[in-house]
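Inspection log for the structure reproduced underneath, given as structure tokens.
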Amino acid sequence: MKNEKETRRKFATDPVPDLMTDLHTTSTGLTQKEADDRLEKYGENVITREKQQSQLLIFLKNFTSVMAILLWVSGFVAILSGTLELGIAIWLVNIINGVFSYWQEHEAQKATDSLMKMLPAYTQVYRDGKLQQINATKMVPGDVFNLQAGNAVPVDARLIKATSVQVDQSALTGESVPESKKVAFDAGQGEFAESNLVYAGTTVGAGTATAVAFATGMNTEFGRIAALTQQQKPSLSPLQLELNRLTKQISLIAIGLGLVFFVSAIFFVHYPVAQSFIFALGMIVAFIPEGLLPTVTLSLAQGVQRMAKKHALLKDLNSVETLGETTVICSDKTGTLTQNQMTVDHIWTPAHSFTVTGQDFVNNGEIQLDGKPIKYGTDADLDLLIRLVAFNNDTEVEPSKGSARPKILGTPTEASLVILAQKSGIDTKAYSITYPRLKELPFDSDRKRMTTIHQHDDHTLSICTKGSLSDLLPHCDTIQENGKVRPLTEDDKKAIDDANRKYASLGLRSIATAYREVPQETDKEKQLDGLTIDTAETNLTFVGLAIMSDPPRPEIYEAIKKCHRASIKIIMVTGDSSLTAKSVAVKIGLTSDKARVVTGGELDSMSKEDLKKALAGEIIFARVAPEQKYKIVSTLQEMGEIVASTGDGVNDAPALKKADIGVAMGVTGTDVAKDAADMILTDDNFASIVAAIEEGRTVYSNIQKFLIYILNSNLPEAVPSALFLFSRGAIPLPLTVMQILTVDLGTDMMPALGLGSEKAEPGIMDKPPRARDAHLMSKTVLWKAFAWYGLIASIISSGAYFFVNHLNGWPLKGLATSGNTYVMATNMTLAAIIFCQIAAAMNCRTENASVFKAGLFANKLVWFGIVFEIFLLALLSYTPFLQELFHTGPLAPTDWIFLAIIPIPLFLIEEGRKWLNRRRLAAKKVGKRTIVRYI
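Quick note on my numbering: the sequence shown kicks off at 215 and runs consecutively.
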């Protein structure tokens, strides 16, 4: 880092002739041959994207998760045991799920790639002594090229000519105010502040320049940050870790029970080893939720699709749920929380304070005094200020076409003054003809002023000056109030300073205006030559202040409130000044006015422990460099937080990559930021992040819902085997292995997918994020799945088995071990489990809310799944070759009536339990409010 800064300093401070010598170039550029040789040596001027995995490896990784491996092994064991159809069925599930996962991620990546914007397509470069327009990717060190307002800077370069140049470096530094650039060296403050260097990825806001390239491609600062970003290795998402943990838990339980049943079958039932193995395999199959992985995948895919409709593009399926776990959002200010556009809100003159309505770079507002519109021509001081900001301006605003945004040829600050003049009603074109500009004294960062000299009439010249108040007011000795000029007093200076401080405390920026009229001399050209900075910008008359802001996004207020209700902490991490950062944070409700502001310099000197203490409270980071954003994110992660980092510039990329969820802006975001991010907002809207978080929470909630649904069938699948074992074979197996697989892979699947698309329950954003140590298979999930839904289903399905045997003479004669009665008994056991699952599908739709309130028929996919379950049962029961494969038989009309009755009481009982639970929670909430009231 130190060497890079020293190299930059050398390029900035060396005399131009020495620099040209070092770069082996001239003021007229390179020859085409030399440029070709350097292109061969240095490569194209492009940001090399991180080496991507081959499509084959990406495809194969979908078949190597812990759950997938378990299914491969299960299928292999099934085939070895002689049940070929069972093994093939299990393998097919794995194949279908893997292909689907690959397709979803491939489509997401394709959509992401389509958003990526390239570096500027063409640049005017001197080759063979002539100015040529070439593809920017062909630029090399030593190239001499031209820049003008609106150009994107394609390389890192040193200015050798410059006229009124201002560069927007917000993509690199996060600083919203454009930097003035000139040929003379000035170190400036902060990173990339050298006055005579321009950097790739930035944009020329105003002026013209000629520069010589000293770094291209990955050797630019833009490329350096991209390389830093690409060093970060992707880690498993919380959901992937949790699914792996869940799979291991279930696998251990299943294999453990399988071993117990295998040994028991040999020693208690005296089964042959081969038959005991098949029996144990059935038990393992019963407890392994084969449908869990495809159901999770499809649920995540549905979440991705819903998020896409809400302008949030996910590059990886697992990012959906991770976003829902977010506890902290590290957000850049410029362009993320704010609109990255200056808007004049107020005008202050010694006589009046005016309000300006409307936003954006369009004439959609008016100037008001005491709430009433006021037009140009009604107030002398206002009129003069409007003329000054219109004359002293190098920016043009091209009106929007259709839905496109207005195009700014210049700086956002001057663009806001252009719009102010338009709102006043002044005809700027007519005035520019009446009062033509004769000379300009360009703005520079030393004096922080800009002056233009105009022809006022045949006998008078007008000197128009604007700039920062602290640098302009000392050059004023008179003031205009109510159209009259008088001496500037100390009381006047105090009133002006007080007004400026008042607006600054609100996070607003002021531009001061002043003028002087001088008699025109006979030799006008000589007079203009004599009007220099020292002679023109003196004895000025102060006129007033134009007060402007970079307005927050309109939707940011409600989005922040939602985050606070959801116990999600938002930390502003910006390159802007401390005062601006805090003012904006307080204004939009991000923090209170007691929040601590830590600058980049302070951050460098803080120990890890001090930083952790600071992060525990309200905090804002200002004037930070890219590496420091990375430090903040990594420290938060060490504190156990799940961090989302938002941004659009190159400076955000390392933090985006390091964060659990990186969120890039799709419209204004740089290539590097989009590459590093997990999610891209196609509308650059902070509110879309909140909508995505809500969707992520909903996805996790739905995963738990269908986990309960899938697991609850395990108990009624396992109980028949347990009855067989503990009766020492006296009770024949009430359910076969293929019938168990029918439930796991067939009838359970569609309703489970329906649960994955369930809408969020009310209040999901009023809860804190789930604890880091919370697990999918919680005590609540286990209780509902096994001790409630599963237990009831086990009693009913086992009862169905014995009921069929009872109709055929049991207990007067033994339970059927084969033949039609045995087939009908096992088929009714299967059918009873399926109809219990119908009730479970409806019950699992909500955690506490009534299904009637959520809409009994609102989730069409669940109902489609229920119809599918019944259809599949009928298909297995009445199709001859399937009857043989699944050991089923035809169900009589009375059987269907019995089955149809099963879900009704189960559904109503659960509705009653939810009602009692709602009453309990309401009483608890009232109790808390009462305690608070009396404390």
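Beta carbons are placed, not taken as given, at the ideal position from N, Cα and C, and that holds for glycine. Keep in mind the model is a prediction, meaning the values are calculated, not measured.
Buried versus exposed call for residue i [16 or more other C-beta atoms within 10 Å across all chains shown]
i: residue 220; result: exposed
i: residue 930; result: buried
i: residue 997; result: exposed
i: residue 806; result: exposed
i: residue 680; result: buried
i: residue 694; result: buried
i: residue 593; result: buried
i: residue 396; result: buried
i: residue 940; result: exposed
i: residue 313; result: exposed
i: residue 911; result: buried
i: residue 1027; result: exposed
i: residue 317; result: exposed
i: residue 558; result: buried
i: residue 739; result: exposed
i: residue 306; result: exposed
Proximity of residue i and residue j at Cβ, strictly below 7 Å
i: residue 691; j: residue 661; result: no
i: residue 1043; j: residue 1011; result: yes
i: residue 967; j: residue 916; result: no
i: residue 724; j: residue 683; result: yes
i: residue 734; j: residue 674; result: yes
i: residue 525; j: residue 902; result: yes
i: residue 554; j: residue 636; result: no
i: residue 497; j: residue 472; result: yes
i: residue 372; j: residue 243; result: no
i: residue 429; j: residue 357; result: no
i: residue 410; j: residue 226; result: yes
i: residue 787; j: residue 875; result: no
i: residue 849; j: residue 825; result: yes
i: residue 878; j: residue 891; result: yes
i: residue 1039; j: residue 1015; result: yes
i: residue 385; j: residue 415; result: yes
i: residue 360; j: residue 338; result: yes
i: residue 728; j: residue 562; result: no
Presumed contact (8 Å Cβ cut-off) between residue i and residue j, rounded CB distance
i: residue 798; j: residue 721; result: 5 Å
i: residue 552; j: residue 382; result: That pair is no contact at about 14 Å.
i: residue 534; j: residue 913; result: 5 Å
i: residue 804; j: residue 838; result: Between residue 838 and residue 804 the Cβ distance is about 16 Å, and since that is not below 8 Å, they are no contact.
i: residue 1045; j: residue 1087; result: 6 Å
i: residue 1037; j: residue 918; result: Their Cβ separation, rounded to whole angstroms, is 37 Å, which puts residue 1037 and residue 918 out of contact at 8 Å.
Start and end residues, alpha helix (DSSP H) containing residue i
i: residue 1033; result: 1033–1057
i: residue 869; result: 867–872
i: residue 1199; result: Since the first residue of the chain shown is 215 and the last is 1149, residue 1199 is not available in this structure.
i: residue 269; result: 269–275
i: residue 336; result: Residue 336 -> not in any alpha helix (DSSP H); beta strand (DSSP E) instead, spanning 336–341.
i: residue 778; result: 770–779
i: residue 700; result: It is not in any alpha helix (DSSP H) - residue 700 instead sits in the beta strand (DSSP E) that spans 698–701.
i: residue 1020; result: 1005–1021
i: residue 627; result: 626–638
i: residue 926; result: 900–926
i: residue 384; result: 384–387
Range of the contiguous beta strand (DSSP E) that encloses residue i
i: residue 562; result: 557–562
i: residue 741; result: Here residue 741 belongs to no beta strand (DSSP E); instead the alpha helix (DSSP H) covers 738–744.
i: residue 609; result: Segment: none, residue 609 is in no beta strand (DSSP E) and carries neither H nor E.
i: residue 346; result: 344–349
i: residue 1171; result: Since the first residue shown for the chain is 215 and the last is 1149, residue 1171 is missing from the structure and cannot be characterised.
i: residue 588; result: No beta strand (DSSP E) contains residue 588, which DSSP labels as neither H nor E.
i: residue 297; result: Looking at the DSSP string, residue 297 is not in any beta strand (DSSP E), and its letter there is neither H nor E.
Cβ of residue i within 7 Å of any chain B Cβ
i: residue 728; result: Within the model displayed, chain B is absent; a lone protein chain is all it includes.
Residue i CB to nearest heavy atom of the ligand FAD below 6 Å
i: residue 565; result: By its list of ligands, the structure shown contains no ligand whatsoever, and the ligand FAD lies outside what it can speak to.
For the region 407–424 against the region 375–384, are there 3 or more C-beta pairs whose distance is under 8 Å? yes
At least three beta-carbon pairs within less than 8 Å, the region 792–806 to the region 597–607: no
So does the region 771–789 actually touch the region 888–903, counting three or more Cβ pairs closer than 8 Å? yes
Pair every Cβ in the region 920–935 with every Cβ in the region 1004–1023, then say whether three or more of these pairs are closer than 8 Å. Taking a contact to require three or more Cβ pairs closer than 8 Å, the region 920–935 and the region 1004–1023 qualify as touching.
Counting Cβ pairs, one atom from each stretch, are 3 or more of them under 8 Å apart for the region 1053–1065 and the region 1122–1131? yes
Quick one: any contact between the region 1060–1075 and the region 971–982, if contact means 3 or more CB pairs under 8 Å? The region 971–982 and the region 1060–1075 touch, with three or more beta-carbon pairs separated by less than 8 Å.
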